[in-house]
Amino acid sequence: MHDGILVINAGSSSIKFSLYLSDGDDKPVLSSKGQVEGINVAPHFIAKAPHGAVLTEQHWPDQPNMSHEALFKYLIEWVEDHLGDAELKAAGHRVVHGGSLYSQPLLINDDLMTELEALVPLAPLHQPHNLAPIRALAKVHPGLAQVACFDTAFHRSNPWMAQSFALPRKLTGEGVKRYGFHGLSYEYIARQLRQLSPATARGRVVVAHLGSGASMCAIREGKSVASTMGFTALDGLPMGTRTGCLDAGVVLYLLQQKGMTAKEIEDLLYKQSGLIGVSGVSNDMRVLLESSEPHAAEAVELFVYRISRELGSLTAALGGIDALVFTAGIGERSPQVRERVCRHAEWLGIRLDDEANARDAQQISAIDSPVSVWVIPTDEEMMIARHTREVLHALRSSGA
Ligand code: ADP
Numbered sequence: 004m005h006d007g008i009l010v011i012n013a014g015s016s017s018i019k020f021s022l023y024l025s026d027g028d029d030k031p032v033l034s035s036k037g038q039v040e041g042i043n044v045a046p047h048f049i050a051k052a053p054h055g056a057v058l059t060e061q062h063w064p065d066q067p068n069m070s071h072e073a074l075f076k077y078l079i080e081w082v083e084d085h086l087g088d089a090e091l092k093a094a095g096h097r098v099v100h101g102g103s104l105y106s107q108p109l110l111i112n113d114d115l116m117t118e119l120e121a122l123v124p125l126a127p128l129h130q131p132h133n134l135a136p137i138r139a140l141a142k143v144h145p146g147l148a149q150v151a152c153f154d155t156a157f158h159r160s161n162p163w164m165a166q167s168f169a170l171p172r173k174l175t176g177e178g179v180k181r182y183g184f185h186g187l188s189y190e191y192i193a194r195q196l197r198q199l200s201p202a203t204a205r206g207r208v209v210v211a212h213l214g215s216g217a218s219m220c221a222i223r224e225g226k227s228v229a230s231t232m233g234f235t236a237l238d239g240l241p242m243g244t245r246t247g248c249l250d251a252g253v254v255l256y257l258l259q260q261k262g263m264t265a266k267e268i269e270d271l272l273y274k275q276s277g278l279i280g281v282s283g284v285s286n287d288m289r290v291l292l293e294s295s296e297p298h299a300a301e302a303v304e305l306f307v308y309r310i311s312r313e314l315g316s317l318t319a320a321l322g323g324i325d326a327l328v329f330t331a332g333i334g335e336r337s338p339q340v341r342e343r344v345c346r347h348a349e350w351l352g353i354r355l356d357d358e359a360n361a362r363d364a365q366q367i368s369a370i371d372s373p374v375s376v377w378v379i380p381t382d383e384e385m386m387i388a389r390h391t392r393e394v395l396h397a398l399r400s401s402g403a
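FYI, the numbering for the sequence shown is 4 to 403, going by my numbering.
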C-alpha cells in the first residue's frame with residue numbers, strides 16, 4: 004500500500020499544501036495540490052490535480068476567523084477522501100528557521116517545538132505561521148508523524164566566516180549571525196544537478212534563485228559554502244518588495260533623523276522596496292520588462308547589476324566557478340534577465356547559447372563556454388516530501 008505524505012508550506016495569509024504518494028522506493032509522486040487563502044479575511048480552499056484541473060473549491064465567507072484547527076480538520080478529511088487505497092502517514096512542513104544547530108530535517112516532538120518557538124524572534128514574520136499548522140495538525144490528527152524541514156539547514160555547512168558578521172562575539176554567541184535561506188530550493192537543485200551532470204555537481208556551482216524572494220548560493224561538491232541571505236531573508240539581492248543588502252547606517256538614519264518607528268522601517272524594507280520601490284511601477288518582473296517607464300528599466304538594471312556583483316563575490320568564495328544555475332520564477336522563465344546576467348559575467352568565462360536560452364532549454368551555455376549554464380526548475384515541496392519520506396523510513400527501521 005502507498006504512503007500518503009502531506010506537505011505544508013504556510014505563510015501569513017495562505018497555507019499551501021501538496022499531497023504525495025510514495026511506495027517507499029521511488030521518489031514521491033505528486034497526487035494533488037492546493038491552498039487555503041484569505042485566512043482571517045474570507046477563507047477559501049482550492050485543490051487541483053497535478054495538471055491543474057480543479058478538484059474541489061470551498062468558500063467560508065461568513066467565517067473570517069475560522070481557526071487553523073477547523074481548516075486542518077477540513078483539509079485532513081479532504082486528503083483522506085482523495086487518497087484512494089493509500090494511507091496518510093506523515094506531514095512535512097517548511098519551517099523557515101532551524102537556528103544554528105539543525106542541518107537536517109527532524110521528526111517533531113514537544114521539545115523540538117519549544118526550541119523552534121524560541122527561534123520566533125529571529126524570524127517573527129514567518130516562523131509563527133510555520134509553527135501554527137504543526138500545532139493544529141497535532142490536535143486534529145494526533146499520532147501523525149510530523150517532520151520539520153528547515154530553510155536554513157542546507158547552509159549549516161558554511162565555514163564560520165560565511166556565517167559571521169564582524170560584530171562583538173557576545174552578539175554572535177546570542178545568534179546574530181548569517182543563517183542563509185531558500186535552503187530547500189538549493190538542496191533540490193543540487194540533487195537535480197547530480198542527476199543531470201554528476202561531474203558538474205562535483206564542481207563549483209553558483210545557483211541564482213530568482214523569484215519574488217531572490218537569493219544566490221555558492222555550492223561546492225553539493226554543499227553550500229556561502230549565500231547572499233543573512234540573519235534574515237532581507238539581505239543580498241533586491242527582491243520584489245525587499246531591499247536586499249543595505250548599509251545598516253541607513254536604518255540608523257531612518258530611526259534617528261527621520262523619526263521612523265521600527266514597524267515603519269520594517270514595512271519600508273520588506274514591503275515597499277526592491278523592484279516596486281525602485282520602479283514605482285510593479286514588483287512583477289514581467290510587468291517591468293514590458294514597461295516603457297525609465298524607472299522600470301532602472302529597477303531591472305539594478306537587479307541584474309546586483310546579481311552580477313554577488314556572482315563575483317560567490318565565485319571568490321568558491322575559488323572559481325564551473326557552473327551557473329538559474330531557478331525560480333524569473334530564473335526559469337526570463338531569457339532576458341538570464342541573458343543580461345550572463346553578458347555581465349563574460350569575464351568569468353560564461354558564454355550563452357542564445358537560441359537555447361530563448362527557449363528555456365535545460366543547458367543554455369555555448370558549447371565552448373568554459374562555465375556551463377543551466378536552467379533547472381526548483382521544487383521545494385518535492386524536497387520536503389523526500390525528506391519526510393526519509394524520516395519516516397528511519398523511524399520505521401528504528402522500530403519506533
Ligand atoms: P515566489 O518567491 O513567490 O515563489 P516565484 O518563484 O513564483 O516566486 O517567482 C515570481 C517572480 O517570477 C515574479 O517576479 C514574476 O514576475 C516572475 N516571472 C514569472 N514568469 C516570468 C516570465 N515569463 N518572465 C519574467 N519574470 C517572470
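Backbone N, C-alpha and C define an ideal beta-carbon position, used for all residues, glycine too. The structure displayed is predicted, hence computed values, not measured ones.
Exercise for the section: Evaluate contact between the segment 137-144 and the segment 192-212, counting only Cβ atoms and requiring at least three cross-stretch pairs below 8 Å. Expected result: no
Practice task
Along the beta strand (DSSP E) that carries residue 18, what are the first and last residues, could you check?
Solution key: The residue you call residue 18 lines up with position 15 of the sequence shown. Start and end: 18-25.
Exercise for the section: Tell me, please, which residues DSSP counts as bridged to residue 377. Expected result: Here the question's residue 377 lines up with position 374 in the sequence shown. Residue 377 is bridged to 328, 366.
Exercise for the section: Could you spell out where the alpha helix (DSSP H) holding residue 248 opens and where it closes? Expected result: For the purposes of this step, residue 248 is identified with residue 245 of the sequence shown, where counting begins at 1. Neither: residue 248 is in no alpha helix (DSSP H) and is coded neither H nor E.
Problem - residue 168 classed as buried or exposed, judged by whether at least 16 other C-beta atoms fall within 10 angstroms - result: In the sequence shown, the residue the question calls residue 168 occupies position 165. Residue 168 is exposed by the Cβ-count criterion.
Problem - Touch test, the segment 360-378 against the segment 245-255, Cβ-Cβ under 8 Å, three pairs minimum - result: Contact fails: fewer than three Cβ-Cβ distances are below 8 Å.
Problem - Same chain only: Cβ atoms within 6 Å of residue 222, ignoring 5 sequence neighbours per side - result: Residue numbering aside, residue 222 sits at position 219 when the sequence shown is read from its first letter. Correct list, in chain order: 193, 208.
Handout entry: contact_flag[the segment 74-93, the segment 367-376] where n(CB pairs < 8 Å) is 3 or more
Key = No, because fewer than three Cβ pairs between the segment 74-93 and the segment 367-376 fall closer than 8 Å, the two stretches do not touch.
Problem - Selected residue, minimal CA-CA separation from residue 205, among 137, 224, 348 - result: The residue labelled residue 205 in the question sits at position 202 within the sequence shown. Nearest C-alpha to residue 205: 224.
Practice task
Kindly examine the ligand ADP and report whether one of its heavy atoms sits closer than 8 Å to the Cβ of residue 288.
Solution key: By 1-based counting over the sequence shown, the position of residue 288 is 285. Flag set: Cβ of residue 288 near the ligand ADP.
Handout entry: Unbroken stretches of the alpha helix (DSSP H), 4 residues or longer, contained in the segment 95-173
Key = 113-121, 130-143, 163-166
Handout entry: Cβ-based burial, residue 112 [other Cβ within 10 Å; buried from 16]
Key = Position 109 of the sequence shown, counted from the start, is the residue given in the question as residue 112. Exposed is the call here.
Handout entry: Of the residues 18, 99, 78, the one placed nearest residue 233, counting alpha carbons only
Key = For this step, residue 233 is matched to residue 230 along the sequence shown. Ranking the options by Cα distance to residue 233, first place goes to 99.
Problem - Start and end residues, alpha helix (DSSP H) containing residue 298 - result: Here the question's residue 298 lines up with position 295 in the sequence shown. That run of the alpha helix (DSSP H) goes 297-321.
Practice task
Give the C-beta separation of residue 346 and residue 31 to the nearest angstrom, bearing in mind that I take them to be a contact with Cβ-Cβ under 8 Å.
Solution key: Within the sequence shown, residue 346 is the residue found at index 343, counting from 1. Within the sequence shown, residue 31 is the residue found at index 28, counting from 1. Between residue 31 and residue 346 the Cβ distance is about 39 Å, and since that is not below 8 Å, they are no contact.
Practice task
Identify which residue in 129, 121, 103, 148 has its Cα closest to the Cα of residue 162.
Solution key: Here residue 162 refers to the residue found at position 159 when the sequence shown is read from its first residue. Per the Cα distances, 103.
Exercise for the section: Grab me the residues of residue 316's own chain with a C-beta within less than 6 Å of its C-beta, minus the 5 sequence neighbours each way, in chain order. Expected result: For this step, residue 316 is matched to residue 313 along the sequence shown. Nothing listed; no residue qualifies.
Exercise for the section: For residue 188, name the three-state secondary structure that DSSP assigns. Expected result: As a position in the sequence shown, residue 188 is number 185, starting the count at 1. Assigned with DSSP and collapsed to three states, residue 188 falls in helix.
Handout entry: Cα-Cα separation, residue 275 to residue 337
Key = The sequence position of residue 275 within the sequence shown is 272, counting from 1. The sequence position of residue 337 within the sequence shown is 334, counting from 1. Answer to the nearest angstrom: the Cα atoms are 23 Å apart.
Handout entry: Uninterrupted beta strand (DSSP E) stretches inside the segment 206-266 (no shorter than 3 residues)
Key = 207-213, 217-223, 226-230
Exercise for the section: Would you check if the distance between the CB atom of residue 278 and the CB atom of residue 287 is smaller than 9 Å? Expected result: For this step, residue 278 is matched to residue 275 along the sequence shown. For this step, residue 287 is matched to residue 284 along the sequence shown. Contact flag set, yes.
Exercise for the section: Work out the CA separation of residue 236 and residue 268 for me, nearest whole Å. Expected result: In the sequence shown, the residue the question calls residue 268 occupies position 265. In the sequence shown, the residue the question calls residue 236 occupies position 233. Between residue 268 and residue 236, the C-alpha separation is close to 15 Å.
Exercise for the section: Kindly examine the ligand ADP and report whether one of its heavy atoms sits closer than 8 Å to the Cβ of residue 310. Expected result: Taking the first residue of the sequence shown as position 1, residue 310 is located at position 307. Distance from the C-beta of residue 310 to the nearest heavy atom of the ligand ADP is not below 8 Å.
Problem - residue 12: first and last residue of the uninterrupted alpha helix (DSSP H) it sits in - result: Position 9 of the sequence shown holds residue 12. Unbroken run through residue 12 is the beta strand (DSSP E), 6-13; no alpha helix (DSSP H).
Exercise for the section: Could you tell me which residues DSSP pairs with residue 355 in its beta bridges? Expected result: Taking the first residue of the sequence shown as 1, we reach residue 355 at position 352. Beta-bridge pairing links residue 355 to 368.
Problem - Distance between residue 108 and residue 165 (C-alpha atoms, nearest Å) - result: Here residue 165 is taken as the residue at index 162 of the sequence shown, counted from 1. Here residue 108 is taken as the residue at index 105 of the sequence shown, counted from 1. Using only the alpha carbons, I get a separation of about 22 Å.
Handout entry: Beta-bridge pairing of residue 62 - partner residues as DSSP gives them
Key = Translated into the one-based positions of the sequence shown, residue 62 becomes position 59. According to DSSP, residue 62 bridges with 47.
Exercise for the section: Using a threshold of 9 Å, state whether the C-beta atoms of residue 211 and residue 344 are closer than that. Expected result: Within the sequence shown, numbered from 1, the residue matching residue 211 stands at position 208. Within the sequence shown, numbered from 1, the residue matching residue 344 stands at position 341. Yes, these two residues count as a Cβ contact at 9 Å.
Exercise for the section: Taking 9 Å as the cut-off, decide whether the C-beta atoms of residue 384 and residue 19 are in contact. Expected result: By 1-based counting over the sequence shown, the position of residue 384 is 381. By 1-based counting over the sequence shown, the position of residue 19 is 16. Taking the C-beta atoms as reference points, residue 19 is found nearer than 9 Å to residue 384.
Practice task
With a 10 Å radius around its C-beta and 16 neighbouring C-beta atoms as the bar for buried, classify residue 177 as buried or exposed.
Solution key: Position 174 of the sequence shown, counted from the first residue, corresponds to residue 177. Burial call: exposed.
Exercise for the section: Thinking residue 282 and residue 298 are a contact (beta carbons under 8 Å), I'd like their distance in whole angstroms, please. Expected result: Residue 282 sits at position 279 when you count from the first residue of the sequence shown. Residue 298 sits at position 295 when you count from the first residue of the sequence shown. Contact between residue 282 and residue 298 is confirmed by a C-beta separation of about 5 Å, below the 8 Å threshold.
Handout entry: Close Cβ partners of residue 3 (< 6 Å) along its chain, the five nearest in sequence each way excluded
Key = The chain is shown only over 4 to 403; residue 3 falls outside these bounds and no answer can be derived.
Exercise for the section: Go through its chain and collect everything with a Cβ distance to residue 132's Cβ below 7 Å, but skip five positions before and after it. Expected result: One-based indexing of the sequence shown puts residue 132 at position 129. 13, 14, 15.
Handout entry: Pair within 9 Å by beta-carbon distance, residue 101 and residue 122
Key = Here residue 101 is taken as the residue at index 98 of the sequence shown, counted from 1. Here residue 122 is taken as the residue at index 119 of the sequence shown, counted from 1. The answer is yes: Cβ separation under 9 Å.
Exercise for the section: Label residue 67 either buried or exposed according to how many other C-beta atoms from any shown protein chain fall within 10 Å of its C-beta, with 16 as the threshold for buried. Expected result: Taking the sequence shown and counting its residues from 1, the one referred to as residue 67 is at position 64. Exposed, because fewer than 16 other Cβ atoms sit within 10 Å of the Cβ of residue 67.
Practice task
Label residue 386 either buried or exposed according to how many other C-beta atoms from any shown protein chain fall within 10 Å of its C-beta, with 16 as the threshold for buried.
Solution key: As a first step, residue 386 must be located in the sequence shown, where it is residue number 383. Buried.
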